[in-house]
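So the sequence lines, in the order shown, correspond to chains A and B. Counting from 1, one number per residue, gives the positions in the first sequence under the working numbering. Counting from 1001, one number per residue, gives the positions in the second sequence under the working numbering. All residues carry an ideal CB built from backbone N, CA and C; glycine is no exception. For clarity, every value in this text was computed on a predicted model and none was experimentally measured. Input: a single structure, listed below in structure tokens.
There are 2 protein chains.
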Amino acid sequence: MGRWEPDARGRLSVAALDLYLERGYDQTTVADIAERAGVTERTFFRHFADKREVLFDATNQLQNDVVSAVQSASAELSPMQVVELAMSEGPVFLEQRRAHASRRAVALAATPALMERELLKIYGLRTAVAVALEARGVDPLTARVAAETGGSCFSAGFAQWVEAEDDRTLSSYIHEAFAQLRLMTDVPHQPRG
Amino acid sequence: MGRWEPDARGRLSVAALDLYLERGYDQTTVADIAERAGVTERTFFRHFADKREVLFDATNQLQNDVVSAVQSASAELSPMQVVELAMSEGPVFLEQRRAHASRRAVALAATPALMERELLKIYGLRTAVAVALEARGVDPLTARVAAETGGSCFSAGFAQWVEAEDDRTLSSYIHEAFAQLRLMTDVPHQPRG
Chain A
1 MGRWEPDARG RLSVAALDLY LERGYDQTTV ADIAERAGVT ERTFFRHFAD
51 KREVLFDATN QLQNDVVSAV QSASAELSPM QVVELAMSEG PVFLEQRRAH
101 ASRRAVALAA TPALMERELL KIYGLRTAVA VALEARGVDP LTARVAAETG
151 GSCFSAGFAQ WVEAEDDRTL SSYIHEAFAQ LRLMTDVPHQ PRG
Chain B
1001 MGRWEPDARG RLSVAALDLY LERGYDQTTV ADIAERAGVT ERTFFRHFAD
1051 KREVLFDATN QLQNDVVSAV QSASAELSPM QVVELAMSEG PVFLEQRRAH
1101 ASRRAVALAA TPALMERELL KIYGLRTAVA VALEARGVDP LTARVAAETG
1151 GSCFSAGFAQ WVEAEDDRTL SSYIHEAFAQ LRLMTDVPHQ PRG
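Written out as structure tokens, the structure reads:
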């Protein structure tokens, strides 16, 4: 090889997304992606296991960042506060990638094979958050419900952010989803302890 | 053909699960499943599109039942109350299938291809619930958060029910998860409207 590759990894992700949108996922080969990115197939496989994984670099980083945020959150916060903090501050790096996220969402919606991988990643992220909460001493059912419902707020906020044409931040959409959840689960006509 | 087939569909589901647990999903063919169930491959494909789908009969019924429950819920209920009602009453037919659900969970956890399909089905169910809520006049963000977080409570309750060795109902576990969510999102030290 020996050829100089400035951010081959990033170029491969962009090339793959472009091709999936242009001609469809099934009609795109790893060779096509490598060619578009100006690298060899061997370089592709040094970075990614297959042509699905190439779209999930940010998802893997997201999981690391969210889990780190759970681990380093103040001990005074409740499980749900920890999750809201982690879900809204963990993905700060995504704020600059709205256009890419929006195009990626189109490719996912059109391709069951990609959507399945996406859902498996989301499931993995929520499970990792539940495990990190348990490590803080939260009981298993509480940890699971907090991770799952918090993850739902993230997903709902993310989907709105990707679709809307405004200049609001991802973080503000995620906080809005958590606020909406608090409103919805607040049942004033039932007696409270 | 011409041969009498009492509940071939049900026998195929049981045979597939047995084989996936005995020898693994990858090592099981449609021919193996058909043979174990005492039917032809052709009969298999009359009932199921592939060897993943054979484990998702109950999931499809679950979605129909939950969506029907959303549609027929009293107009006086809040979105979250509608979702809790639908998620806890929709799956009544599952109460009799705890042992099967438990074995199925083992097969899913061991097989990414099955887990991906499961997650796609769950995503479809939650989307269908969100659409049914919107049809009741609920705004899109509220509908999405209610469907996603309600679905999370269902999943958390279902997972506990499948794992625990007691005689509690699935419905009681699901209600407990919703109660846990209400507790968790109740933040007493913040001022309330």
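Closer than 8 angstroms between beta carbons: that is the criterion. Which residues of the segment 1061-1085 of chain B meet it against chain A? S1078, P1079, M1080 and Q1081
So for L94(A), helix, strand or coil by DSSP? helix
What would DSSP say about T142(A), mapped onto helix, strand or coil? helix
How would you list, in chain order, the residues of chain B whose beta-carbon sits under 9 angstroms from the beta-carbon of S155(A)? R1144 and E1148
Where A8(A) falls, given that 16 or more other Cβ within 10 Å makes a residue buried: buried
Is it buried or exposed, F56(A), if we count other Cβ atoms within 10 angstroms and call 16 or more buried? buried
Which stretch, first to last residue, makes up the alpha helix (DSSP H) that contains T127(A)? P112 to A135
Is the beta carbon of R136(A) within less than 8 angstroms of some heavy atom of the ligand MG? For the ligand MG, the structure offers nothing, since it holds no ligand at all.
Go ahead and pull the three-state DSSP assignment for R1011(B). helix
Exposed or buried, D1152(B), counting other C-beta atoms within 10 Å across all chains shown (16 or more means buried)? It is Ser, not Asp, that sits at residue 1152(B) in the sequence shown. Counting Cβ neighbours within 10 Å, S1152(B) comes out buried, since at least 16 surround it.
Residue range of the alpha helix (DSSP H) that includes V66(A): D57 to S72
Exposed or buried, what is S72(A) when buried is set at 16 or more other beta-carbons lying within 10 Å of its beta-carbon? exposed
V1106(B) burial status per 10 Å Cβ neighbour count (16 or more: buried): exposed
Interfacial residues, the segment 1108-1119 of chain B to chain A, with Cβ spacing under 8 angstroms: P1112, M1115, E1116, R1117 and L1119
If the criterion is Cβ atoms closer than 9 angstroms, does the pair A156(A) and A177(A) meet it? yes
For Y25(A), the three-state DSSP class (helix, strand or coil): coil
Could one say the Cβ of R1182(B) lies closer than 9 angstroms to chain A's Cβ atoms, at least one of them? yes
Cut-off 6 angstroms between Cβ atoms - residues of its own chain near D1065(B), not counting five sequence neighbours on either side: G1090
When you compare the CB positions of Q1063(B) and L1021(B), do they come within less than 9 angstroms of one another, or not? no
Could you check what DSSP says for L181(A) in three-state terms: helix, strand or coil? helix
Is there a Cβ from chain B that is less than 9 angstroms from the Cβ of I33(A)? no
Quick one: what does DSSP say D1167(B) is sitting in, helix, strand or coil? coil
With 9 angstroms as the limit, tell me which residues of the segment 1035-1060 of chain B have their beta carbon closer than that to any beta carbon of chain A; keep them in chain order. none
Just to make sure I have the definition right: I need the residues of chain B whose C-beta is within less than 8 angstroms of the C-beta of S171(A). Which are they? Per Cβ cutoff of 8 angstroms: no residues; S171(A) is ~16 angstroms from chain B at best.
Taking the straight line between their C-alpha atoms, what separation do you get for F1154(B) and A34(A)? 43 angstroms
Output, in chain order, the set of chain C residues within a Cβ distance shorter than 7 angstroms of Y123(A). Among the chains of the structure shown, chain C does not appear; the protein chains present are A and B.
Cβ of P1137(B) less than 9 angstroms from any chain A Cβ? The question names Pro, yet the displayed sequence has Gly at residue 1137(B). No, G1137(B) lies away from the interface with chain A (no Cβ there is under 9 angstroms from its Cβ).
Cβ distance (whole Å) where M184(A) is taken to contact P1079(B) below 8 angstroms: 6 angstroms
Using the Cα positions of V1138(B) and E1076(B), report the straight-line distance between them to the nearest angstrom. 13 angstroms
Is L141(A) close to chain B? Criterion is C-beta to C-beta, closer than 9 angstroms. yes
Would you mind sorting Q1160(B) into buried or exposed? The rule is 16 or more other CB atoms within 10 Å of its CB. buried
With 16 other CB atoms within 10 Å as the buried threshold, where does F1045(B) fall? exposed
In terms of alpha-carbon separation, which member of A1099(B), R1011(B) and A1146(B) lies closest to E1165(B)? A1099(B)
Once you ignore the five residues that flank P191(A) on each side, which residues in its own chain have a CB closer than 6 angstroms to its CB? Per-residue confidence for P191(A) stands at a pLDDT of 43, beneath the threshold of 50, marking its modelled position as unreliable; the derived number appears in the next sentence. Once the five neighbours on either side are set aside, P191(A) has no close Cβ partner at all.
Reference R1097(B); option with closest CA among V1145(B), L1085(B), V1162(B) and T1029(B): V1162(B)
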